[in-house]
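See below for the structure under consideration.
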Amino acid sequence: MKNMEQIRAQNAWNVNENIGGKQGGEVVKKLPALIRTNGILCTIAYCIEQKGEEDNGYKKIMDIIAKHLSHPEIGRCKGINNGKELLNYLTSKDSQTLRAVTSETQAFLNYLRRFVKKGAAK
36 MKNMEQIRAQ NAWNVNENIG GKQGGEVVKK LPALIRTNGI LCTIAYCIEQ KGEEDNGYKK
96 IMDIIAKHLS HPEIGRCKGI NNGKELLNYL TSKDSQTLRA VTSETQAFLN YLRRFVKKGA
156 AK
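Written out as structure tokens, the structure is:
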């Protein structure tokens with residue numbers, strides 16, 4: 036049986052080549068501060084509503100986070116496949132769930148930051 040750290044590391048390693056976008060690595064490094072400053076709900080909304088370049092990275096990173104949170108062994112948000120679904124799911128949850136999701140997201144981003152290269156594009 037894997038522990039949570041191993042699952043996070045494996046999920047981050049599996050997606051690190053798929054980050055893409057001109058700002059892929061930079062976005063991953065910015066998200067922890069955005070979450071601490073604005074909260075998880077505002078950060079998700081910001082990421083999924085980013086306009087501009089199609090491959091700016093924000094939406095893609097949030098989709099990756101949503102898939103990580105719905106991973107069977109993580110089990111924070113079952114059946115969630117993208118950032119928009121994650122936002123809809125979390126708006127109906129209590130503060131305890133939001134804290135747990137925020138904590139797990141920050142822990143996952145710690146691993147993702149380590150594996151992603153600045154300007155990584157596929």
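Residue numbering for the sequence shown follows our numbering, beginning at 36 and increasing consecutively. Ideal placement from N, C-alpha and C gives every residue a C-beta, glycine not left out. None of these values were measured; they are calculated from a predicted model.
Item to check | Short Cβ contact (8 Å threshold) for Phe150 with Asn51 | outcome: yes
Checklist entry - How many Å lie between Lys64 and Tyr146 at the Cα? => result 11 Å
Checklist entry - How should Asn46 be labelled, buried or exposed, when 16 other C-beta atoms within 10 angstroms of its C-beta is the threshold for buried? => result buried
Next on the checklist: Quick check on Arg111: does DSSP put it in helix, strand or coil?
Outcome noted: coil
Checklist entry - Do you know how far the Cα of Met36 is from the Cα of Ala68? => result 32 Å
Checklist entry - When you compare each of Trp48, Glu120, Pro107 and Tyr124 to Asp98 by their alpha carbons, which one comes out closest? => result Glu120
Item to check | Cβ-based burial, Thr72 [other Cβ within 10 Å; buried from 16] | outcome: Thr72 is exposed by the Cβ-count criterion.
Next on the checklist: Considering just the uninterrupted stretch of the alpha helix (DSSP H) at Glu139, what are its terminal residues?
Outcome noted: Ser130 to Phe150
Checklist entry - CB Asn117 to CB Ala101, shorter than 8 Å? => result yes
Checklist entry - Does the distance from the C-beta atom of Val62 to that of Tyr93 stay below 8 Å? => result Result yes, Cβ atoms of Val62 and Tyr93 sit closer than 8 Å.
Next on the checklist: In whole angstroms, give me the CA-to-CA distance for Ala80 and Leu66.
Outcome noted: 12 Å
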